[in-house]
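Asks: Residue numbers (my numbering): -1 to 136.
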């Protein structure tokens, strides 16, 4: 079923969308977007606790997700098993589960959401869902 979904996504490929998805995927590589955002939030006194929460959650997620879970589960990436679909990015060298892009986006979004839920805004951590789709596309 996973491969059927990945093949289905391929019907939407176009030069413009390929470029856009590659750029979005780049923002998630290594959690750089969330690290930069956490650093900016940490530098502003009003959002310092939020920034610290983002950076701490990223560090804990990296240790638990990338260093422990990925190696314990050792799930091969679909691009390693079926090379019929050309990748837009360099083939990742680590295992696929849990997704580092999705994990970092979830950690960052939830950290921000939890620190600002008292403001009663209609905020949701849906950005991490979008990052998951971007990762599958590229």
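Just so you know, even glycine gets a beta-carbon here, dropped at the ideal spot from N, CA and C.
Keep in mind that this is a model prediction, so the values were computed, not measured.
I need the straight-line Cα distance from residue 1 to residue 48, nearest angstrom please.
Replies: So the alpha carbons of these two residues sit roughly 38 Å apart.
Asks: Counting only the same chain and skipping the five closest in sequence on each side, list residues whose C-beta sits under 8 Å from that of residue 25.
Replies: 31
Asks: Residues in its own chain within less than 7 Å of residue 50 by CB, not counting five upstream and five downstream?
Replies: 40
Asks: What are the boundary residues of the alpha helix (DSSP H) that residue 74 is part of?
Replies: Careful: residue 74 lies outside any alpha helix (DSSP H) and carries neither H nor E.
Asks: Once DSSP output is grouped into helix, strand and coil, what is the label at residue 27?
Replies: helix
Asks: Applying the criterion that 16 or more other CB atoms from any shown protein chain within 10 Å of the CB defines a buried residue, is residue 104 buried or exposed?
Replies: That one is buried.
Asks: Assign residue 66 to one of two classes, buried (16 or more other C-beta atoms within 10 Å of its C-beta) or exposed (fewer than that).
Replies: exposed
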